[in-house]
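Start counting the sequence shown at 0; every next residue gets the next number (numbering that gives the first Met the number 0).
Even for Gly, the Cβ is constructed at its ideal location relative to N, Cα and C.
Remember, it's a predicted structure, so these values are computed and weren't measured experimentally.
First comes the structure, then the notes that go with it.
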Amino acid sequence: MKQAQDFRDEHEALYLFVDSLDEQELYQPTQYQRWTTEDIILHLHHLNLAVECSLEGESLFQEKYALPMLRCMEQGMSMLEAQKQSMPSPRGRALIDIWREEGLRIANKCAQLPMKTRLSWFGPPMSIRSAMTARQMETWAHGQAIYDRCGVHREEHERLQNIARFGVLTIPFAFQNRGETPPPHRIYVSLRSPKGELWEWNSPDSPDVVEGSAVDFCRLVTQTRHLQDTQLAVKGDFAKRWGQIAQCFAGPPIDPPVPGTRFCQES
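Written as structure tokens, this is what we have:
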């Protein structure tokens, strides 16, 4: 399955970068909620563990991951605090190593299953294909904060198309999640891939249009940049509103970062 391989490649690319950092850099805060690089890796590791639990069946997913997390969050803990409390993990280099191993393990397991296999999750069940795209999306998005903190512009790849597609498919969700009426028509999205290929979704005759680079689009929908910090062109009332509330990940509505607060911290 292509999506499993794409997640594996995204996971391995981030691992190689994080593994090259000095130990002290793992504990430096990023621009994302002041999480450290270690916090981000812990978060990614726990969600990979959640996928593996789900692969073993709904009862194991609920018993070993979902319910312990829910109990912690009912006590007022944040997601990160709940992850640290519900399933303690090693720290530092040991965490980096087990995160890598777990990510490769679930990628290999998912690659051998039919794409339409359903996995239990926090909301409705999702397909293996969607699960792998979601893992790639989270890895890429959270990785952005690490690259930004280190002042590094990472090399982007065509596998970003999975995340861009996720972003397009979740346009109605971004409105519905806030109790707003989604556009009565589909927004035309035209993007340039990292290699310069044209990626298009929906009809160019739409009155609402989003155009620009796939990297900027993916940064917008994963909320690693505000619209004003991209070079995306948005035309039409619905497209302009969507640009302010874009969100491709599940959960309650979350506001995008304040303009100018997420950027590559070049020295």
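(message) Quick check on the burial criterion: 16 or more other C-beta atoms within 10 angstroms. Buried or exposed for R177?
(response) So R177 counts as exposed.
(request) Return the chain-ordered ranges of every alpha helix (DSSP H) run that is complete within the stretch 9-65 and spans a minimum of 4 residues. (result) Within the stretch 9-65, the runs of alpha helix (DSSP H) that reach at least 4 residues and sit entirely inside it are, in chain order, 36-54 and 57-60.
(message) Using the Cβ count rule (16 or more neighbours within 10 Å means buried), how would you classify S85?
(response) It counts as buried.
(request) Please classify T138: is it buried, with 16 or more other beta-carbons within 10 angstroms of its beta-carbon, or exposed? (result) With 16 or more Cβ atoms within 10 Å of its Cβ, T138 is classed as buried.
(message) Excluding the 5 residues flanking A106 on each side, which residues of the same chain have their C-beta closer than 6 angstroms to its C-beta?
(response) Exclusion of the five residues before and after A106 leaves A3, F6 and R7 as the residues of its chain whose Cβ lies within less than 6 angstroms of its Cβ.
(message) Please give the ranges of any beta strand (DSSP E) in the stretch 133-211, keeping only runs that are unbroken, at least 3 residues long and fully inside the region.
(response) Counting only runs of 3 or more, we get 187-191 and 197-200.
(request) Kindly indicate which residue of S53, Q74 and G75 has the alpha-carbon position closest to the one of A65. (result) Per the Cα distances, S53.
(request) Under 6 angstroms Cβ to Cβ from L59, same chain only, skipping five residues before and after it: list those, please. (result) Answer for L59: C52, listed in chain order.
(request) Could you round the C-beta distance between M136 and T221 to whole angstroms and report it? I think they count as a contact, below 8 angstroms. (result) Indeed, because the Cβ distance is near 6 angstroms, the residues count as touching under 8 angstroms.
(message) When you compare the CB positions of P252 and Q243, do they come within less than 8 angstroms of one another, or not?
(response) For P252 and Q243, no; Cβs fall outside 8 angstroms.
(message) I'd like the list of long-range same chain contacts for E101, defined as Cβ closer than 8 angstroms, with 5 residues on each side in sequence excluded.
(response) Same-chain partners within the cutoff: H44, N47, L48 and E51.
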